[in-house]
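A short worksheet on the structure shown next.
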Amino acid sequence: MLVLNKEQIAHAIELMACQIINSIDSQTDIAVVGIRKKGIYVGQRLAELLSKKLGRPIDCGSTDITLYRDDIHDPEKVLQIGTTDIRFDVNDRTIILVDDVLHTGRSCRAAMDCVIEFGRPAAIRLAALIDRGNREFPIQADYIGHHLEVRPNETVAVSLEECDGTDEVRVVASN
Amino acid sequence: MKKNTNELLIKNGRVIDPLNGIDKVADVLIKSGKIEKIGSISAAQADVPEGCIIDAAGMFVTPGLIDMHVHFREPGDEEEETIASGSAAAVAGGFTSVVCMPNTDPTIQDETSIEFVHRMGRQARKTHVYVMGALTKDRQGVELAEMGLMAKAGAVGFTDDGNGIQNAAVMAKCLKYASMFGLVVSQHCQDNSLAGGGVMNSGYNSTILGLPGISPLAEELMLWRDIQLVKSIKTRYHAQHLSTAGSMDIIRKAKEDGLPVTCEVSPHHLLLTDDTIEEYDTNYKMNPPLRTAADIAAIKQAIKDGCIDALATDHAPHLESEKELEFLYAPFGIVGLECALGLYIKALIKDGTIDWPRLIAMMTCNPAKIIGIDSFKGSLSVDKWGDVTIFDPNEKWTVDVNKFISKSKNCPYHGWELEGKVKYTIVGGEIRYRDCGTNAR
Amino acid sequence: MADKFKWTRKHLLGLRDFSRQEIEYVLDTADSFSEVNQRTIKKVPALRGKVIVNMFFEDSTRTRNSFSIAAGRLSADVVEFTKKASAISKGETLLDTARNLEAMGIDIVVIRHEAAGTAKLLSRSINASIINAGDGYNEHPTQALLDVYTIRKHRGSLDGLKIGIVGDIAHSRVARSNIYAMTKLGAEVTLIGPPTLMPPQVSKLPVKVSYDLDEVIEHLDVINMLRIQFERLASNPFPSKREYSRFFGLTDERMQRAKKDIIVIHPGPMNRGLEIESSVADGPNSLILQQVTNGIAVRMAVLFLVSTASK
């Protein structure tokens with residue numbers, strides 16, 4: 001079932017950008033780090049938007065959390081390791097982690113572990129395009145694009161133009 | 001006659017050039033040290049300087065003879081022979097090229113030694129001196145010698161002559177390694193476990209004389225073993241101075257199987273048996289030893305059948321003081337360069353075993369091919385080196401060791417009546433030997 | 001990056017039966033670990049709590065240290081085992097030693113041994129994952145993997161590359177593993193050396209053979225020099241060091257005749273002046289030090305991957 005179309009996704013990202021700007025001092029040093037695969041593209045769009053609004057370039061990187069996952073030794077999991085790409089200094093900056101869907105909170109936990117390997121940020125904030133609730137860890141997003149009520153047996157499928165050719169968010173029943 | 005230039009016109013001789021199938025009376029013209037023409041050539045046409053015409057009427061004119069197995073005892077035993085004295089003896093025997101064996105002291109087993117021999121040969125300015133390098137270090141049959149560097153320095157093959165490679169794995173390694181260089185691996189076939197401390201052929205005579213014998217199997221076993229290795233390793237292999245009937249069978253089979261195998265025999269193994277050792281005369285002591293009449297017959301038959309590729313003297317000089325010992329203790333070997341041709345004629349032509357072209361082939365184009373110099377020597381094709389031997393096939397002469405040019409005189413041929421005398425030995429168009437004996441012109 | 005490709009190998013015993021896809025998967029995984037090795041804090045918790053035993057029966061600096069460092073960066077615990085200081089010297093068999101260690105709870109054994117097939121023997125006998133760090137003349141898979149990784153990093157792909165492996169092929173496990181890895185990735189491999197250093201019937205492998213380095217060097221894109229090993233041989237298959245280096249040494253002079261961008265690799269340790277001249281080993285075409293650096297990433301990848309398949 002389609003829940004967000006292209007315009008609605010763009011609107012959600014815009015919303016997050018405004019939330020971020022409202023929450024910081026104009027001179028706060030921020031940087032964006034996208035999580036996993038789709039969070040990377042959301043992060044890139046967010047970073048671009050932020051630079052336009054703030055009138056200065058915003059550093060953007062990405063993290064692959066495979067090595068930090070707590071289910072790394074689960075025999076059922078098919079792991080594909082990607083590369084973490086954080087080329088800027090994280091020390092004393094506010095790092096905004098960006099994910100496409102915030103669900104259990106485990107990915108965010110892993111992403112934080114990865115970021116602090118690179119240094120000591122002044123603060124870490126979490127921005128999620130979709131918050132679908134049902135946390136397993138005490139993790140909350142600071143900036144949310146859209147809330148969704150989703151049953152446990154349903155999956156939130158995010159498609160982004162950069163990798164899937166189209167922008168849409170669907171809720172599908174998982175088997 | 002002559003001013004020594006490198007131009008010659010040789011007229012009226014019977015030209016025998018087996019590689020090119022020539023056997024006829026013709027003239028040979030050498031210009032700039034190279035064969036220019038064979039045919040009917042007048043002095044005017046030849047345009048050679050005054051005194052550079054040889055009248056070879058009644059004589060044979062052949063490509064320069066090649067002896068691929070000689071021992072010039074330099075470095076180390078210069079009192080026995082030097083490269084200079086050996087070269088002079090060689091041209092006296094009609095040889096324009098020889099191949100030295102590496103069992104000198106020190107052994108010829110690196111590029112410096114190869115270059116040394118070449119240099120001494122050049123300086124002597126007689127026969128052209130080639131050399132084989134050792135197969136293994138100090139000819140001990142254990143570690144490979146520097147075949148690559150020796151090949152680069154111009155060695156024409158490798159051998160541990162004097163010794164045979166006892167260990168099969170080492171021989172296999174030698175064949176494999178040598179295959180990189182395209183040079184022949186030459187073997188003195190002698191299994192030491194069977195040769196024991198023998199000093200003559202093992203047989204009736206050794207029993208009667210009370211001397212330890214060298215079994216024919218010592219030669220045949222190693223020869224057979226090597227042939228099996230060559231079947232899979234396919235490097236060019238040459239068996240030196242074969243002496244037994246059994247070896248003839250092995251060689252014959254190897255050639256039938258198309259293997260890259262060649263071999264040589266020495267004059268004494270065509271003419272002398274172990275009956276001659278009666279008086280314990282060490283001039284009859286050599287290695288491989290003199291065998292029996294049956295062996296001689298088998299070798300001659302093999303020559304007739306075309307199984308033997310080359311004739312080689314194994315010229316092995318020793319001082320009289322060295323040979324003048326008990327048969328048991330005297331060194332092996334006899335000289336032979338200066339009467340070789342006459343001996344081969346006696347052994348093979350006189351009784352009709354082979355004809356002249358065949359004999360000449362075994363002394364020219366065949367050895368040239370084995371040592372890889374056939375692109376410029378061993379025949380009288382146009383542009384080949386002007387190496388020519390002129391001899392009178394009918395001239396009778398008596399061997400007198402005291403007149404030998406070689407420093408050493410150790411051989412059993414003193415007083416022998418031979419037919420066939422070398423008149424001129426020409427290297428690169430230069431007369432390097434001229435017979436000044438009673439019948440000289 | 002392979003989609004949906006599931007890594008199933010619990011052991012890394014050799015590359016002879018590896019598919020191209022499996023090799024590329026290891027190399028892709030190594031890319032991630034290369035990135036980790038660029039950070040200030042070169043550590044990830046991926047193998048936290050796992051125990052890795054470095055079981056080296058032959059001397060080694062490079063490989064052993066490389067595995068130690070790789071294991072450490074994955075947060076694993078490393079147990080160092082040397083033959084001299086072990087019960088093996090008191091006559092305990094290999095399997096008894098391994099089973100004892102297993103009883104203490106180990107996850108991965110990295111084994112180097114002078115007898116071919118040892119890694120396979122262990123894999124049948126204990127439950128841990130086995131990584132072959134070199135067994136006799138058989139294979140040295142992680143060396144081959146880091147070699148092809150280094151070439152791939154530099155050139156993008158091995159397809160169509162002409163690679164020469166020079167030296168003692170007969171006694172080289174590195175040569176064998178490299179032949180498998182390189183040919184499976186699409187390279188054309190030529191073995192170069194004297195015939196006395198070629199194993200029997202080697203031309204049955206998908207390789208060319210040449211006894212003449214000077215003839216082939218101008219065609220090569222990559223030249224892989226092997227160490228000439230004196231310590232292993234009973235009797236020498238070539239006469240002297242100077243003859244070997246004259247005919248098969250990688251000299252400055254031969255490099256002049258090679259392609260300008262030829263890559264030079266060597267598994268180490270080098271005999272400077274024998275199989276390779278110092279100026280070449282330290283020169284612009286050499287990726288020898290990169291091999292060592294890449295070795296850590298590749299070994300991290302291998303340790304990580306076998307642990308994911310362990311059941």
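Protein sequences, first through last, are from chains H, D and R.
Heads up: the first sequence runs through residues 1 to 175, numbered per my numbering.
Heads up: the second sequence runs through residues 1 to 441, numbered per my numbering.
Heads up: the third sequence runs through residues 1 to 311, numbered per my numbering.
Glycine included, each C-beta is placed from N, C-alpha and C at the ideal position.
So that I know if they touch, is there some Cβ in chain R lying closer than 9 Å to that of S113 (chain D)? no
Per DSSP, what kind of secondary structure is I390 (chain D) in: helix, strand or coil? strand
Contact belief for K304 (chain D) with I370 (chain D) at Cβ below 8 Å, rounded distance in angstroms: At roughly 20 Å, the Cβ-Cβ gap does not stay under 8 Å, so K304 (chain D) and I370 (chain D) are not in contact.
What residue from D:K300, D:A298, D:P267 has the CA that sits closest to N287 (chain D)'s CA? D:P267
Cross-chain neighbours of T29 (chain R) in chain H, by beta carbon under 8 Å: I81
Kindly list the residues whose CB is nearer than 6 Å to the CB of M1 (chain D), restricted to its own chain and excluding five residues on each side of it in sequence; keep chain order. In this predicted model, M1 (chain D) has a pLDDT of only 47, less than 50, meaning its place in the structure is not dependable enough to derive any value.
Burial state of K10 (chain R) (16 or more Cβ within 10 Å): Its Cβ being crowded by 16 or more others within 10 Å, K10 (chain R) is buried.
Let me check one thing: in DSSP terms, what residues is F158 (chain D) bridge-paired to? D:G133, D:V185
Contacting residues, own chain, Cβ-Cβ under 6 Å from D131 (chain H) (five flanking each side not counted): Correct list, in chain order: L102, A141, I144, H147.
By DSSP, does N132 (chain R) sit in helix, in strand, or in coil? strand
Can you grab the Cα-Cα spacing for the pair A173 (chain H) / E7 (chain H), in whole Å? 24 Å
Do M132 (chain D) and G157 (chain D) come within 9 Å of each other at the CB atom, strictly closer than that value? yes
With a threshold of 8 Å, are at least 3 pairs of Cβ atoms found where one atom belongs to the segment 143-150 of chain D and the other to the segment 235-254 of chain R? yes
Using a Cβ-Cβ cutoff of less than 6 Å, which residues in the same chain neighbour Y329 (chain D) once the five nearest sequence positions on both sides are dropped? Around Y329 (chain D): no qualifying Cβ.
So that I know if they touch, is there some Cβ in chain R lying closer than 9 Å to that of T155 (chain H)? no
Please check if any C-beta of chain H sits within less than 9 Å of the C-beta of S307 (chain R). yes
Does any C-beta atom of chain H lie closer than 9 Å to the C-beta of V315 (chain R)? Here chain R has residues from 1 to 311 only, and residue 315 (chain R) is not among them.
Going along chain R, which residues have a C-beta under 8 Å from E146 (chain D)? P239, S240, R242, E243
What span of residues does the beta strand (DSSP E) with E188 (chain R) cover, start to end? Note, E188 (chain R): beta strand (DSSP E), 188-192.
Give me the subset of the segment 167-178 of chain D whose CB atoms are less than 7 Å from a CB atom of chain R, sorted by chain position. K173, K176, Y177
Whose Cβ in chain B lies nearer than 7 Å to the Cβ of M180 (chain D)? The question asks about chain B, but that chain is absent: this structure's protein chains are H, D and R.
N- and C-terminal bounds of the alpha helix (DSSP H) containing I370 (chain D): 365-370
Which chain R residues are close to L259 (chain D), counting only those with a beta carbon under 8 Å from its beta carbon? The premise fails here: L259 (chain D) is roughly 18 Å from chain R at the closest Cβ pair, so nothing lies under 8 Å.
Only counting runs of 3 or more residues, tell me where the beta strand (DSSP E) segments fall wholly within the segment 63-148 of chain H, in order along the chain. 94-102, 123-131, 143-147
List the residues of chain R whose Cβ lies closer than 8 Å to the Cβ of E143 (chain D), in chain order. S235, N236, P239
Measuring alpha carbon to alpha carbon, tell me which of D:D351, D:T282, D:K346, D:I360 ends up nearest E324 (chain D). D:T282
Other residues of its chain near S172 (chain R): CB distance less than 6 Å, five sequence neighbours each side excluded: L226
Does the contact criterion of 3 or more C-beta pairs under 8 Å hold for the segment 26-41 of chain D versus the segment 74-83 of chain D? no
Distance, Cα to Cα, G246 (chain D) vs L290 (chain D)? 14 Å
Looking only at DSSP bridge pairs, what is S159 (chain H) linked to? H:E168
Got a sec: is the Cβ-Cβ distance from L97 (chain H) to anything in chain R below 9 Å? no
Would you decide whether M104 (chain R) is buried or exposed? Buried here means 16 or more other CB atoms lie within 10 Å of its CB. exposed
Mind checking if K260 (chain R) is an interface residue toward chain H, Cβ cutoff 9 Å exclusive? no
Please determine, among H:Q80, H:R69, H:I95, the residue with the shortest C-alpha to C-alpha distance to I183 (chain H). In the structure as shown, chain H begins at 1 and stops at 175. Residue 183 (chain H) is therefore absent and cannot be evaluated.
Helix, strand or coil at K153 (chain R) according to DSSP, with G and I counted as helix: Looking at K153 (chain R) - three-state DSSP - the assignment turns out to be helix.
Can you name, in chain order, every residue of its own chain whose Cβ lies under 6 Å from the Cβ of I139 (chain H), other than the five neighbours on each side? Within the same chain, I139 (chain H) has close Cβ partners G105, C108.
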